[in-house]
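Notes follow once the structure below has been shown.
In my numbering, the protein residues as written are 6 to 180.
Written as structure tokens, this is what we have:
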């Protein structure tokens with residue numbers, strides 16, 4: 006696109022919820038985040054991957070809670086979670102999951118053009134279908150923007166379904 010076209014068109018502003026995993030900053034588009042809350046009590050579930058911490062009751066819905074630090078094999082996963090952690094509820098079509106994070110996630114508005122496509126070598130290393138939407142560079146900060154709807158593989162979603170069925174059944178019967 007010629008430079009003059011870029012100036013002529015309004016650069017859309019997107020809102021991210023930014024959080025820390027290990028030493029890095031990650032962002033999720035705000036429309037993918039249903040809510041952020043102090044992590045509720047988590048009940049462990051048998052036969053789930055180690056990054057699935059268990060299930061929790063979030064305002065009457067039973068959701069699976071996952072630890073992205075462990076999912077991404079980041080060093081901080083070796084450190085225990087602080088006494089108070091936060092959970093971001095992410096709503097997809099088939100399921101709602103909770104992402105556990107160490108500190109309060111922060112909103113951030115940025116221009117769409119700030120997000121650059123992630124290099125192919127990063128994407129190819131991921132077994133999932135390109136869940137890194139891009140890389141946002143804001144001054145010295147680098148924020149990895151995730152597409153949470155592509156984060157889990159279909160097999161992982163199926164493993165979470167037993168935990169999610171009561172939630173799905175609940176929403177069907179009350180709608």
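Note that the Cβ used here is the ideal one computed from N, Cα and C, for glycine as well.
This one's a predicted model, so the numbers in the text were calculated from it and none came from an experiment.
Chain-order list of residues whose beta-carbon lies under 8 Å from that of residue i (same chain, five-residue window excluded)
i, result
"residue 163", "none"
"residue 112", "20, 21, 22, 23, 35"
"residue 89", "43, 44"
Alpha-carbon to alpha-carbon, residue j and residue i
i, j, result
"residue 62", "residue 23", "24 Å"
"residue 139", "residue 67", "31 Å"
"residue 160", "residue 65", "26 Å"
"residue 104", "residue 44", "9 Å"
"residue 97", "residue 17", "24 Å"
"residue 137", "residue 19", "16 Å"
"residue 85", "residue 51", "21 Å"
"residue 60", "residue 124", "34 Å"
"residue 53", "residue 76", "12 Å"
Of the residues the options, the one placed nearest residue i, counting alpha carbons only
i, options, result
"residue 266", "19, 100, 74", "Examination of residue 266 is not possible in this model, given that the chain is present from 6 through 180 alone."
"residue 41", "94, 156, 113, 47", "94"
"residue 110", "14, 18, 34, 16", "34"
"residue 47", "143, 137, 101, 58", "58"
"residue 102", "142, 77, 72, 143", "72"
"residue 116", "141, 153, 99, 146", "141"
"residue 100", "145, 19, 69", "69"
"residue 145", "14, 29, 15", "29"
"residue 15", "152, 153, 118, 143", "118"
"residue 36", "88, 89, 114", "114"
Close beta carbons around residue i, own chain, < 6 Å, minus the five adjacent residues each side
i, result
"residue 32", "21, 23, 148, 150"
"residue 106", "24, 91"
"residue 79", "26, 27"
Residues that DSSP places opposite residue i in a beta bridge
i, result
"residue 93", "41, 104"
"residue 146", "143"
"residue 62", "67"
"residue 24", "31"
"residue 112", "22"
"residue 151", "33, 137"
"residue 120", "141"
"residue 48", "60"
Other residues of its chain near residue i: CB distance less than 7 Å, five sequence neighbours each side excluded
i, result
"residue 122", "139"
"residue 87", "107"
"residue 49", "59"
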